[in-house]
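Below is one structure, written out as structure tokens, with a few remarks after it.
Residue numbers (our numbering): 1476 to 1761.
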């Protein structure tokens, strides 16, 4: 099917919201809401499918498509492994919905629902989402907003603000966080890309992340593969986490991601996901 370009009102709405709120970012470490698993291996400037609702809502408008995904996260994988998170979502040309269910210790459960909307034109995209927190001791609502700009196929810049309104979940305030990021695609064929972001609260730089992504050319490979590596650090560049991922497939693909603590002594979290997409047409990116 042929995707339509976003209309003027959609782009204007997203831009007005972005300007009204100002620069914005993501959940701080140690808060009572478990971060969505996608935020452990994706960056605000390299996500363009349904998972963007958790990472950068502007990404919902970069690829004019319909996509659906599901992911399961396991803590301490192995004989003592425990199911920690189930999340899923869909995106239809910028209108998206996300579901996340977390299983904490001591029988505590948490559910997060997100409804997102995004639009874009050329290399510019902007979007927002409403987050609803429920479950054990939670009844709150927050907002996230994001923007993405690709001046050329080689570079993408992004900015996200999360926890607008600073909702209080299970007695803890979710801090307003700003996340600037960039992706640099090396060479004429974007098979290798470098990404980075920072998580900044109003009073400090909380953490930074750096990642590399390598993928085979989907037009020439029968079964395209993608390998990702990411390092998260504190504001002194001390390593806090390491994530490695592998996926196979093009528009429809499955993957696995494993994460370890700062000393890389063991795998403390892993996840498996599946993604289906239809009707691809990009707005200025390849």
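A virtual CB, placed ideally from N, CA and C, is assigned to each residue, including glycine.
Nothing here was measured: the structure is a model prediction, and the numbers come from that model.
Self-check item: Which of helix, strand or coil DSSP assigns to residue 1553
Solution: coil
Self-check item: Short Cβ contact (9 angstroms threshold) for residue 1705 with residue 1684
Solution: yes
Quiz item: What does a CB cutoff of less than 6 angstroms around residue 1648 pick up in its chain, not counting 5 residues either side in sequence?
Solution: 1641
Practice problem: Would you mind reading off the limits of the beta strand (DSSP E) that contains residue 1742? | Solution: Where residue 1742 is concerned, there is no enclosing beta strand (DSSP E), given that its DSSP letter is neither H nor E.
Quiz item: Shortest alpha-carbon distance to residue 1538 belongs to which of 1546, 1520, 1587 and 1554?
Solution: 1520
Quiz item: If you draw a straight line from the C-alpha of residue 1621 to the C-alpha of residue 1654, how long is it?
Solution: 9 angstroms
Quiz item: Just reading off the alpha helix (DSSP H) that residue 1527 is part of, what are its end residues?
Solution: 1527-1530
Exercise. Go through its chain and collect everything with a Cβ distance to residue 1589's Cβ below 6 angstroms, but skip five positions before and after it.
Key: 1528, 1573, 1604 and 1606
Exercise. Measure the CB-CB distance between residue 1509 and residue 1560 and report whether it falls below 9 angstroms.
Key: yes
Quiz item: For residue 1619, which three-state DSSP category applies?
Solution: strand
Exercise. Determine the closest residue to residue 1440 out of 1585, 1699, 1716 and 1652, with distance taken between C-alpha atoms.
Key: Shown here, the chain extends from 1476 to 1761; a query on residue 1440 therefore has no answer.
Quiz prompt | DSSP-derived helix/strand/coil call for residue 1517 | solution = coil
Quiz item: For the putative contact between residue 1562 and residue 1511, defined by C-beta atoms under 8 angstroms, what is the C-beta separation to the nearest angstrom?
Solution: 6 angstroms
Quiz item: Between the C-alpha atoms of residue 1426 and residue 1578, what's the straight-line distance to the nearest angstrom?
Solution: The displayed coordinates of the chain run from 1476 to 1761. Any statement about residue 1426 would go beyond what the structure contains.
Quiz item: When you compare each of 1719, 1751 and 1727 to residue 1736 by their alpha carbons, which one comes out closest?
Solution: 1719
Quiz item: Cβ of residue 1750 within 9 angstroms of Cβ of residue 1567?
Solution: no
Practice problem: Using only alpha-carbon positions, find the residue among 1614, 1596 and 1643 that is nearest to residue 1623. | Solution: 1596
Quiz item: Taking the alpha-carbon positions, what's the residue 1499 to residue 1680 distance?
Solution: Any reading at residue 1499 needs caution, since the residue's pLDDT is 32, under 50, leaving its predicted position unreliable; the model's value is listed next. Straight-line Cα distance between these residues: approximately 13 angstroms.
Self-check item: Same chain, Cβ closer than 7 angstroms to residue 1660, five either side skipped, listed in chain order
Solution: 1628, 1629 and 1668
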